[in-house]
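Report on the following structure.
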Amino acid sequence: MGINRLETMSVVRLTQRELWVAVIPQLLHYFR
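Take -5 as the starting number for the sequence shown in the working numbering and just add one per residue.
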């Protein structure tokens, strides 16, 4: 169970990271 939970957390973090990489440039362009 512990390993499975860790894998899920890493996947969630990776997804959040990709989301930020996709969103931040748009935010910078919007505020510019």
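Even glycine gets a Cβ: it sits at the ideal position worked out from N, Cα and C.
Can you tell me the Cα-Cα spacing of residue i and residue j, whole angstroms?
{"i": "Y24", "j": "L13", "result": "17 angstroms"}
{"i": "L0", "j": "L22", "result": "32 angstroms"}
{"i": "T2", "j": "R26", "result": "36 angstroms"}
{"i": "P19", "j": "R7", "result": "19 angstroms"}
{"i": "V15", "j": "V5", "result": "15 angstroms"}
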